[in-house]
Amino acid sequence: MEFIYYFGDVFTPMSFLLLLGGTIGGLILGATPGLSPTMAVALLIPFTFQLEAAQGLILLGAAYTSTVAGGAVSAILLKIPGAPANIATTLDGHTMAKKGEGARALQLSFLASAVGGIFGVLLLIFLTPVLAQWALAFGPSHLFWLAILGVTVIGTLDSASVVKGLLSGCIGLWLATIGFDDIMGAQRFIFHPALGGGINIIAALIGLFAIPQVLTMFAKGRHNTGAEVIEVQRHSIMAAFKELFSRTRALSIGTLTGSIIGLIPGVGGQIAGLVAYDQTKKFSSEKEKFGTGHSEGVIAAESANNAMVGPSLVPLLTLSIPGSPTAAVLLGGLLIHGIFPGSDLFDNHPDVAWTFINSMLIGQVLMCIFGLYVAGLAARVAQVPQSVMAAIVLALSVFGAYSVQGSMGDVYVMACLGIGMFFLERFGFSAAPLVLGLILGPIAEANFIQGGMIADATVGKASYFMTGGLNLFLIAVVLASIAYSVWMELRSRRYTTKEEAQA
Amino acid sequence: MNRSQHVFGSGLVFAVGLWVAWVSYTQQPAEAFLFPRLIATVFVVLAGWTFGKAVMGLSKVGNGVTRTMFVNMLPGLTITLIYVFWAAKTLGFYTATTIAFFTLLSIYDPAPHSEAKTWIKRGIITAVFVAVMYGLFAMLLNVYTPREILF
Chain P
17 MEFIYYFGDV FTPMSFLLLL GGTIGGLILG ATPGLSPTMA VALLIPFTFQ
67 LEAAQGLILL GAAYTSTVAG GAVSAILLKI PGAPANIATT LDGHTMAKKG
117 EGARALQLSF LASAVGGIFG VLLLIFLTPV LAQWALAFGP SHLFWLAILG
167 VTVIGTLDSA SVVKGLLSGC IGLWLATIGF DDIMGAQRFI FHPALGGGIN
217 IIAALIGLFA IPQVLTMFAK GRHNTGAEVI EVQRHSIMAA FKELFSRTRA
267 LSIGTLTGSI IGLIPGVGGQ IAGLVAYDQT KKFSSEKEKF GTGHSEGVIA
317 AESANNAMVG PSLVPLLTLS IPGSPTAAVL LGGLLIHGIF PGSDLFDNHP
367 DVAWTFINSM LIGQVLMCIF GLYVAGLAAR VAQVPQSVMA AIVLALSVFG
417 AYSVQGSMGD VYVMACLGIG MFFLERFGFS AAPLVLGLIL GPIAEANFIQ
467 GGMIADATVG KASYFMTGGL NLFLIAVVLA SIAYSVWMEL RSRRYTTKEE
517 AQA
Chain X
6 MNRSQHVFGS GLVFAVGLWV AWVSYTQQPA EAFLFPRLIA TVFVVLAGWT
56 FGKAVMGLSK VGNGVTRTMF VNMLPGLTIT LIYVFWAAKT LGFYTATTIA
106 FFTLLSIYDP APHSEAKTWI KRGIITAVFV AVMYGLFAML LNVYTPREIL
156 F
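Next up, the structure:
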């Protein structure tokens, strides 16, 4: 119950102001199609440099939580999901809005998000310290395999092609080795002076997540969103409360599904929303109403995608393994303040850890309150032409990358990685495993070297890295994640081939 | 998607993989390249596999870049490259941002170019945006950016 002691820290004027700003700003950014939660958090990192670690994380955490919920606004009022996590919300939410029930859909969506989100954060609160203590037993070989596991799980589950996902992870691991070697001081892969200090993670994150979006917006040409905002009629909030709690089946299926999926590294909010929607439909006595503007669809999808947020941070805060691209960006936010996740975070910086986690709990309530008020404004912002959005994101990326170290080299690296990633994505590669490789590369290498030294002095490398219960378990999970993804890929290809043949 | 695009894309990645492997296995001190060697080996195997599949026409994932997409994107990409690699440092961040922002708006804004109102609107949006950026970065965050011309 240590977290209770740090609740007061969330309510200091500066922290609360940041929480409020992050929540309202996140709701508006989340409603904007093309601005994903990961990109929003990456672009916010430069604004946290001058803040204390806890305050910086409060801002990033609030933005993460509320961008996921804010995406429901454009999903419901414009039929454009603000983020992939809101795809399932569109199915019934927009139909409700078209029937003149936009306010009801929004109220249910924010209330369900808050319930799911609070449950998810409570799971984070109670699971994290236990797992962090368990992680103390990990030696260099285990940490090496954990880092590899982080890359392979995201590489295989987050990509359409297993090989390309793993290759993206490899590219990320290689990029992490650029610069001077920590032990020997040798130069590695420095083919341009801008790479002398290695690749700065924050500049890379901005480039990898923001620039491909900018180029995608350019690629659409002189294009108008063409979506019209559906006017929101008044609806009693008490009626929405009553309806939410009368739909306990949808709410509990959504919340539990989201929480469980959140704990699995690499499986995002999009999957959480869709799986919860599908399961709720299966167990519902009103199956036929799904897709026609049924409130259970909105409740299940939104409670799931927000319930996923808290648990998705468990692997990050306990084992230093970011479970999602946004968690990887949050890890970047921690590292710039010299804080490493794991037991160190809870033993040496409990104020930072608990203030951040508590702020996410309070943020859920604020998100629910302000979500209902800013929904109309957020939907108008979502109509901003993509040309303006692209130009804004480009300029923010340049300024953001420069402000990391005051170096033009970081801006060049950001632009090159971003442009390269755009083309790689068009060839089926994915940014998430590349980012994980970049972030986990130094952790993997440090433990590989350290483990190698211990192994040379004791049992030899093969025995040290490949034997022992925990090592074998981690290797098995790495192999299982790859095997599962290969099997799924072959299965879906077989179905596609059959459909093609029938067509 | 065009098979040649897949071959080109995966060929480029394979070439990078070969270069990484060559550097990792030839540079000294060898101890500094132990981990890169491990990565490079997996990199080359996976990139070779991807390239082989592309050559045989078996690459299915990825839609590539269509001609329309490329034509639409080209002006924006060109301005981005000029802005990042030349203008920001040479003209100063705020001057370069003003020019790049206004140019991008003018090219991609779906509003008709023939109306004076459209141009005034674009000018106002640019001025407000650059003022906000100045307020945020120069005044609030105290980020000192290169300022060569004007501001």
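Residue numbers (the numbering used here), protein chains in the order written: chain P, 17 to 519; chain X, 6 to 156. All C-beta atoms, glycine included, are put in the ideal place defined by N, C-alpha and C.
Check, Outcome
"Counting along the chain, where does the alpha helix (DSSP H) carrying PRO327/P start and finish?", "325-328"
"For GLY109/P, collect the residues of the same chain with a Cβ closer than 6 angstroms to its Cβ; drop the 5 residues on either side in sequence, then sort them by chain order.", "ALA91, ILE92, ALA121, VAL314"
"Pull up the distance between the alpha-carbon of PHE439/P and that of GLY69/X, whole angstroms please.", "8 angstroms"
"Sort ILE378/P, PRO338/P, GLU441/P, GLY422/P by Cα distance to GLY166/P and report the nearest one.", "PRO338/P"
"Can you tell me whether LYS297/P is buried or exposed? The criterion is at least 16 other CB atoms within 10 Å of its CB, across all chains shown.", "buried"
"Please tell me whether GLU120/X has its Cβ less than 9 angstroms away from any Cβ of chain P.", "no"
"Using the C-alpha atoms, what's the distance from MET504/P back to GLY422/P?", "45 angstroms"
"Mind checking who PHE196/P pairs with in its DSSP beta bridge?", "GLN203/P"
"Can you give me the start and stop residues for the alpha helix (DSSP H) that ASP114/X sits inside?", "No alpha helix (DSSP H) holds ASP114/X; DSSP gives it neither H nor E."
"Using three-state DSSP, classify ALA176/P as helix, strand or coil.", "coil"
"Just to make sure I have the definition right: I need the residues of chain P whose C-beta is within less than 8 angstroms of the C-beta of ASN68/X. Which are they?", "ARG442"
"How many angstroms separate the CA atom of GLY223/P from the CA atom of MET254/P?", "44 angstroms"
"How is the alpha helix (DSSP H) around LEU51/P delimited, first residue to last?", "Where LEU51/P is concerned, there is no enclosing alpha helix (DSSP H), given that its DSSP letter is neither H nor E."
"Does DSSP put ASN147/X in a helix, a strand or coil?", "coil"
"Within the 9 angstroms Cβ cut-off, does TYR113/X reach chain P?", "yes"
"Candidates PHE107/X, TYR149/X, PRO115/X: which alpha carbon is nearest VAL135/X's?", "PHE107/X"
"How about LEU107/P and PHE306/P: are their beta carbons less than 9 angstroms apart?", "yes"
"Counting Cβ pairs closer than 8 angstroms, one from the stretch 198-209 of chain P and one from the stretch 33-42 of chain X, do we hit at least three?", "yes"
"Helix or strand or just coil, what does DSSP make of ALA519/P?", "The predicted position of ALA519/P is uncertain, since its pLDDT is 47 and thus under 50; a value taken from the coordinates is nonetheless stated next. ALA519/P falls in the coil class under three-state DSSP."
"Which residues, taken in chain order from the stretch 461-488 of chain P, show a beta carbon closer than 8 angstroms to some beta carbon of chain X?", "GLU461, PHE464, ILE465, GLY468"
"Mark ALA517/P as exposed unless 16 or more other C-beta atoms lie within 10 angstroms of its C-beta, in which case mark it buried.", "Interpretation of ALA517/P is limited by its pLDDT of 49, a score under 50 that renders its predicted location unreliable; the figure taken from the coordinates is listed afterwards. ALA517/P is exposed by the Cβ-count criterion."
"Have a look at VAL179/P, LEU73/P, SER31/P, LEU495/P and flag the residue whose alpha-carbon is nearest the alpha-carbon of GLY349/P.", "LEU73/P"
"Does any residue of chain P bring its CB to less than 9 angstroms from the CB of VAL25/X?", "yes"
"Using a beta-carbon distance below 9 angstroms, is THR48/P in contact with chain X?", "no"
"Look at the alpha carbon of ILE355/P and the alpha carbon of THR273/P, and state the distance between them as a whole number of angstroms.", "31 angstroms"
"Just to confirm my understanding: we take SER64/X, look at its own chain, exclude 5 residues before and 5 after, and list those with CB closer than 6 angstroms. What are they?", "HIS11, LYS58"
"Tell me whether the stretch 369-385 of chain P and the stretch 131-140 of chain P touch, counting them as touching only if at least three CB pairs, one residue from each stretch, are closer than 8 angstroms.", "yes"
"Considering only heavy atoms of the ligand HEM, does any lie closer than 8 angstroms to the CB of GLY444/P?", "What this structure holds is no ligand at all, so the ligand HEM is not there to describe."
"Got a sec? Which residues, its chain only, sit under 7 angstroms from ILE129/X by beta carbon, not counting five neighbours each side?", "none"
"Just mark GLU441/P as buried or exposed, buried being the case when its beta carbon has 16 or more other beta carbons within 10 Å.", "buried"
"Just the chain X side, please: which residues come within less than 7 angstroms of LEU189/P by C-beta, in chain order?", "ILE44"
"Nearest CA to the CA of GLY53/X: which residue from ILE87/X, TYR99/X, GLU120/X, PHE13/X?", "PHE13/X"
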